[in-house]
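Peer 1: The structure follows.
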Amino acid sequence: MSGYEAKAYVALVAAGTPLNGYEVAKRSGVPRSTVYETLGKLVSRGAAYEVRLGEAGVGYISLPPMSLLDRMRREFDQSITTLSETLPEVAAPAEVRLIHNLADRSSLLTRAEDVVAAARRDLFLSGWPAELEPLKPLARRAQAEGVDVSTVVFGEDPDPVGHTTRHRFSSPQVALENLGCRLLVVVADRRQAVIGGVVNEDAWGVYTDDPAVVLVAVEYVRHDIAMHLIVERFAADDFESFWKSDPALLRLRADHGAAATLLRKAGAPGGRGQS
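Using my numbering, the first residue of the sequence shown is number 2, and each one after it goes up by one.
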C-alpha cells in the first residue's frame, strides 16, 4: 500500500463502522482532495468495501486485518512460487564469482542464514554455540527436508543439530586464543559459504560462491570431523600427550590470532571482492 492507502485503511480498521470519505480524511490525515481516489484503490485491491449509508450516500468499511494478512500471504507465496519457476529459466550463467564483505555480527549471521536456507543436499557448520544458535531453526528445517547436516561445535551445546561433533582437541578458550576470534564457517551444497570471525559483539567476514574458497571451507569442516573420528580409535591419554607436545603440531599452532587478523583485513571497508 501507498502511505495514503495505509493511513486510510488504518482509519477504517480503527473505526469499526462504515465511514464516508470526509470522515476518513479527518481521521487519517489523507487530504480530502485525494481521499476518494485513495479509497477507490483500497476497494479495487479488496482491502475495503463500499456500503450504502442510506441518504448519507456511500461509506467504506475495511476488510478485517487478519483476512487482509491471509490474503497478502497467499499472494506473496504465489508470487514466490512463480518467480521460483521462471527466474532460473532466464538467469544467465554466472560470469563473476561473488566475494563480498560482512562488517558486523548482524550482517554476518543474516548472510549465514541465507546460506543455510539455500541448502538442498548438504550443509556444513562450524562455530561456537553463540553463533550457531540463531542458525538452528533453519538448519533443522533443512534437515527435516532431507539435507545432510554436519556440525562442529566449540564448547558445550545441549541442543545440537545434525550430525554434531564437539571439538575436543582444544578447549574453547584455547581455540579462541589460537584463532583470535570465534570462527564461523557455513557452507551449503558446496556452492556457497560464509566465513567470519566474532570477538564479543564485533564481527567481520565474507560471503562467497567462489568454488575454490567454498572447497577449502568444506574441507576445513570435514577435516575436523575426520580427525575426531580417528582420535576415537586411539587411547585418549596417548593422543592428549601427542597433541600437546609434538613439535610439528606446536609449530603449526604457534601463529596465534592469525585467522582473526586475516578476516579483519577481508572484512575491512574497501576490501577485495565484488557484490
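Even for Gly, the Cβ is constructed at its ideal location relative to N, Cα and C.
#1: In the DSSP output, what is residue 193 paired with across the bridge?
#2: Measure the alpha-carbon distance for residue 74 versus residue 177 and round it to whole angstroms.
#3: Select from 13, 33, 35 the residue whose C-alpha is nearest the C-alpha of residue 52.
#4: DSSP on residue 149, reduced to helix/strand/coil?
#5: Count the other C-beta atoms from every protein chain shown that fall within 10 angstroms of the C-beta of residue 146, then say buried if there are 16 or more, exposed otherwise.
#6: Taking the beta carbon of residue 155 as the centre, do at least 16 other beta carbons fall within 10 Å, making it buried, or is it exposed?
#7: Evaluate the contact criterion for the segment 118-129 versus the segment 97-105: three or more CB pairs, one atom per stretch, below 8 Å.
#8: Closer than 6 Å by C-beta to residue 119: which residues in its own chain qualify, once you throw out the five before and the five after it? Chain order, please.
#9: Residue 27 to residue 64, Cα distance in whole Å?
#10: If you reduce the DSSP assignment to three classes, tell me which class residue 239 lands in.
#11: Enumerated in chain order, which unbroken segments of the alpha helix (DSSP H) with a length of 4 residues or greater are wholly contained in the segment 108-133?
#12: Compute the minimum distance between the beta carbon of residue 67 and the heavy atoms of the ligand SAH, and state whether it is under 7 Å.
#13: Express the C-alpha separation of residue 203 and residue 49 in angstroms, rounding to a whole number.
#14: Could you compute how far the alpha carbon of residue 85 sits from the alpha carbon of residue 175?
#15: Considering residue 45, what are the terminal residues of the alpha helix (DSSP H) in which it resides?
Peer 2: Inspection of the coordinates gives the following:
#1: Counting from one through the sequence shown, the residue named residue 193 turns up at place 192. Paired residue(s): 189.
#2: Locating residue 74 in the sequence shown gives position 73, where the first residue counts as 1. Locating residue 177 in the sequence shown gives position 176, where the first residue counts as 1. Distance between the alpha carbons of residue 74 and residue 177: 44 Å.
#3: Position 51 of the sequence shown, counted from the first residue, corresponds to residue 52. If we check each option's Cα against that of residue 52, 13 comes out closest.
#4: To locate residue 149, count along the sequence shown from 1; it is residue 148. Reduced to three states, the DSSP call for residue 149 is strand.
#5: As a working mapping, residue 146 is identified with position 145 in the sequence shown. By the neighbour-count rule (16 or more Cβ atoms within 10 Å), residue 146 is not buried but exposed.
#6: The residue labelled residue 155 in the question sits at position 154 within the sequence shown. Under this definition residue 155 is a buried residue.
#7: no
#8: Translated into the one-based positions of the sequence shown, residue 119 becomes position 118. The answer, listed in chain order, is 189.
#9: As a position in the sequence shown, residue 27 is number 26, starting the count at 1. As a position in the sequence shown, residue 64 is number 63, starting the count at 1. Residue 27 and residue 64: Cα-Cα distance of roughly 20 Å.
#10: In the sequence shown, counting from the first residue as 1, residue 239 sits at position 238. Helix.
#11: 130-133
#12: As presented, the structure is devoid of all ligands, the ligand SAH included, so that no description of it is given.
#13: Counting from one through the sequence shown, the residue named residue 49 turns up at place 48. Counting from one through the sequence shown, the residue named residue 203 turns up at place 202. Using only the alpha carbons, I get a separation of about 47 Å.
#14: Translated into the one-based positions of the sequence shown, residue 85 becomes position 84. Translated into the one-based positions of the sequence shown, residue 175 becomes position 174. When rounded, the distance between both Cα atoms is 45 Å.
#15: Looking up residue 45 in the sequence shown gives position 44. Note, residue 45: alpha helix (DSSP H), 33-45.
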